[in-house]
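A.B. asks:
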Amino acid sequence: MTPLRPMLLAGLVLTLSTPRVEAGPVYVASQGAGTLSRIEAGATTVAATIAVGQGIAQVAAGANGRLYLSQPDHAGIDVVDGRTRVVLQRLPFPGQAFGIAASADGLSLFVGDWAGGRVVRLSASTGAVEGECPVGKDPAGLVLDRKGRLYVADRESRQVSVIDAARMERVATVPVGEGPFALGLSPAEDRLYVANVRSGDLSVVDTGSLTVRATVRIGGMPYGVATSEDGSLVLVTNQQAGTVAVLDSGSLGLKATIPVGRYPEGIAVDGAFAYVANWFSDSVSVIDLKSLTETARIPVAEGPRSLAVGSNSEAVR
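Sequence positions in the sequence shown follow mature numbering (1 follows the signal peptide of the UniProt record, and there is no 0) and run -23 to -1, 1 to 294.
1. Span of the beta strand (DSSP E) holding Asn255?
2. So, helix, strand or coil for Ala40, using DSSP?
3. Exposed or buried, Leu86, counting other C-beta atoms within 10 Å across all chains shown (16 or more means buried)?
4. Quick one: Cα of Pro276 to Cα of Tyr240, how far?
5. Can you find the residues in the same chain that come closer than 6 Å, C-beta to C-beta, to Gln216, ignoring five residues on each side of it along the sequence?
6. Could you check if Val(-3) is buried or exposed, using at least 16 other CB atoms within 10 Å of its CB as the buried criterion?
7. Would you kindly report the start and end of the unbroken beta strand (DSSP E) that includes Gln66?
8. Could you round the C-beta distance between Ala172 and Ala159 to whole angstroms and report it? I think they count as a contact, below 8 Å.
9. For Asp247, collect the residues of the same chain with a Cβ closer than 7 Å to its Cβ; drop the 5 residues on either side in sequence, then sort them by chain order.
10. What is the rounded straight-line gap between the Cα of Pro281 and the Cα of Ala251?
11. Since Leu68 and Ile77 should fall inside the 8 Å C-beta cutoff, what is the C-beta to C-beta distance between them, to a whole number of angstroms?
12. Within the same chain, show all residues whose beta-carbon is closer than 6 Å to that of Ile140, passing over the 5 residues directly before and after it, in chain order.
13. For Tyr170, write down the residues that DSSP places opposite it in a beta bridge.
14. Label Gln48 either buried or exposed according to how many other C-beta atoms from any shown protein chain fall within 10 Å of its C-beta, with 16 as the threshold for buried.
15. Short check: CB of Ala149 to CB of Leu187, under 8 Å?
16. Do you know how far the Cα of Ser14 is from the Cα of Gly59?
17. Using 10 angstroms around the beta-carbon of Asn41, count the other beta-carbons present and answer buried if the total reaches 16, otherwise exposed.
18. Could you tell me if the beta carbon of Gly42 falls within a distance shorter than 7 Å of some heavy atom in the ligand NAP?
19. Rounded to the nearest angstrom, how far is the Cβ of residue 295 from that of Leu99, given a contact under 8 Å?
20. On the DSSP bridge list, what partners appear for residue 310?
21. Taking the alpha carbon of Val64 as the point to measure from, which residue in Ser226, Val29, Thr220 has its own alpha carbon closest?
22. If we ignore side chains and look at the alpha-carbon of each, how far apart do Asp167 and Thr184 end up?
23. Pick out whichever of Gly39, Leu46, Ala20 has its Cα sitting closest to the Cα of Ile27.
24. From the DSSP output, in three-state form, read off Glu133 for me.
25. Among the candidates Gly161, Trp91, Ser258, Leu179, whose CA atom is the shortest distance from the CA of Gly208?
26. Buried or exposed for Gln136, going by 16 or more other Cβ atoms inside 10 Å?
Encoded structure:
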């Protein structure tokens, strides 16, 4: 727990972003192919594919069009310029990099060490270690709020660790279901949604009291979670069923079950649409959040698992 400098933090997460005025590009990390695909807002085809390297675990969008991809098998973080489609560098990582989030100022990365049971803060430009904090076993999804609070899904510890990101100090743990993997914050950041893969449910955490306010049964293997940008919908991928469950955020009742591709994992919301990475189908499903139907299925490279939404100011050159 060794903080080196104070900083201003804001919400940037793995598969969920704070509301934006206009939609931006969606980036899809394909683990099997080792590529990053870019889909323009509203498009139904891939605009560009960037070769990175096999074994990508997760992707996070950062400032200035940068994308950060965790590589657990290669002890590093690949940095990609989404605008120029160039791999800029591989930052070293002292462990097995998995979950990843970026500070809004673009200066720091937060990376879960899957094997080491800790979260490490790195310089986004050099990869230098700025601090670290022990968490539970097998830290998976990470999400950072606008107040500088970092939430970590500790998969094998059945808990969420809560970290003061500036001090890199754990301030609380929240018991949840079995196998927590993905996290999503509501736009108001008053709720944290936790997808519990093994217990087949969704924990709804009050971020003020840091207690579980509700547990919602989803079914076999809920994996990814996101919310609509107005906060009215919660979307959860179900690996086993090949569906996305859509919940009303107020009642937490089921509004729709949407068939998608095989083994859906990551999910991201971009404006009026949700995008779902179908791992076994090598495709991305596009869901219209008004009609709650799949409107397109976009072929991508082998093994898509994680998605991130970029800035609407980015332009492909």
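All C-beta atoms, glycine included, are put in the ideal place defined by N, C-alpha and C.
C.D. replies: For this structure:
1. Taking the first residue of the sequence shown as position 1, residue 255 is located at position 278. Note, Asn255: beta strand (DSSP E), 250 to 255.
2. Position 63 of the sequence shown, counted from the start, is the residue given in the question as residue 40. Helix at Ala40.
3. Against the sequence shown, residue 86 aligns to sequence position 109. Looking at its Cβ environment, which holds 16 or more other Cβ atoms inside 10 Å, Leu86 is buried.
4. Here residue 276 corresponds to residue number 299 of the sequence shown, with the count starting at 1. Here residue 240 corresponds to residue number 263 of the sequence shown, with the count starting at 1. Those two C-alpha atoms are separated by around 15 Å.
5. Locating residue 216 in the sequence shown gives position 239, counting from the first residue. Apart from the 5 residues on each side of it in sequence, Gln216 sits with its Cβ closer than 6 Å to the Cβ of Met198, Tyr200, Tyr240 in its chain, given in chain order.
6. Here residue -3 refers to the residue found at position 21 when the sequence shown is read from its first residue. Residue confidence is low: Val(-3) scores 39 on pLDDT, short of 50, so the model does not pin down where it sits. Its coordinate-derived value is still stated next. Burial call: exposed.
7. Along the sequence shown, read from residue 1 onward, the residue named residue 66 stands at position 89. Start and end: 63 to 69.
8. Within the sequence shown, residue 172 is the residue found at index 195, counting from 1. Within the sequence shown, residue 159 is the residue found at index 182, counting from 1. At roughly 4 Å, the Cβ-Cβ gap stays under 8 Å, so Ala172 and Ala159 are in contact.
9. The sequence position of residue 247 within the sequence shown is 270, counting from 1. Closer than 7 Å at Cβ, skipping near neighbours: Ala(-1), Gly1, Val3, Ala18, Val286.
10. Within the sequence shown, the letter at position 304 stands for residue 281. Within the sequence shown, the letter at position 274 stands for residue 251. Computed Cα separation, rounded: 15 Å.
11. By 1-based counting over the sequence shown, the position of residue 68 is 91. By 1-based counting over the sequence shown, the position of residue 77 is 100. Not quite, the Cβ-Cβ distance comes to about 11 Å (not below 8 Å), so this is no contact.
12. Taking the sequence shown and counting its residues from 1, one reaches residue 140 at position 163. Taken in chain order, the residues that qualify are Cys110, Leu127, Arg147.
13. Locating residue 170 in the sequence shown gives position 193, where the first residue counts as 1. DSSP lists Gly161, Val181 as partners of Tyr170.
14. The sequence position of residue 48 within the sequence shown is 71, counting from 1. It is buried - the Cβ of Gln48 has at least 16 other Cβ atoms within 10 Å.
15. Within the sequence shown, numbered from 1, the residue matching residue 149 stands at position 172. Within the sequence shown, numbered from 1, the residue matching residue 187 stands at position 210. The answer is yes: Cβ separation under 8 Å.
16. On the sequence shown, position 82 is the one that residue 59 refers to. On the sequence shown, position 37 is the one that residue 14 refers to. If I take the Cα positions, the gap works out to 10 Å.
17. For the purposes of this step, residue 41 is identified with residue 64 of the sequence shown, where counting begins at 1. Answer is exposed; the Cβ neighbour count stays below 16.
18. The ligand NAP is absent from the structure shown, which contains no ligands of any kind.
19. In the structure displayed, the chain extends from -23 to 294; residue 295 sits before or after that span and is not available.
20. Past the edges of the chain, shown from -23 to 294, lies residue 310, and the structure says nothing about it.
21. Position 87 of the sequence shown, counting from 1, holds the residue named residue 64. When only C-alpha atoms are compared, the closest one is Val29.
22. Numbered from its first residue, the sequence shown carries residue 167 at position 190. Numbered from its first residue, the sequence shown carries residue 184 at position 207. C-alpha separation (whole angstroms): 5 Å.
23. On the sequence shown, residue 27 is found 50 positions in, with the first residue counted as 1. Nearest option by C-alpha distance: Leu46.
24. Position 156 of the sequence shown, counted from the first residue, corresponds to residue 133. Reduced to three states, the DSSP call for Glu133 is helix.
25. Here residue 208 corresponds to residue number 231 of the sequence shown, with the count starting at 1. When only C-alpha atoms are compared, the closest one is Gly161.
26. For the purposes of this step, residue 136 is taken as residue 159 along the sequence shown, with counting starting at 1. With 16 or more other Cβ atoms within 10 Å, it is buried.
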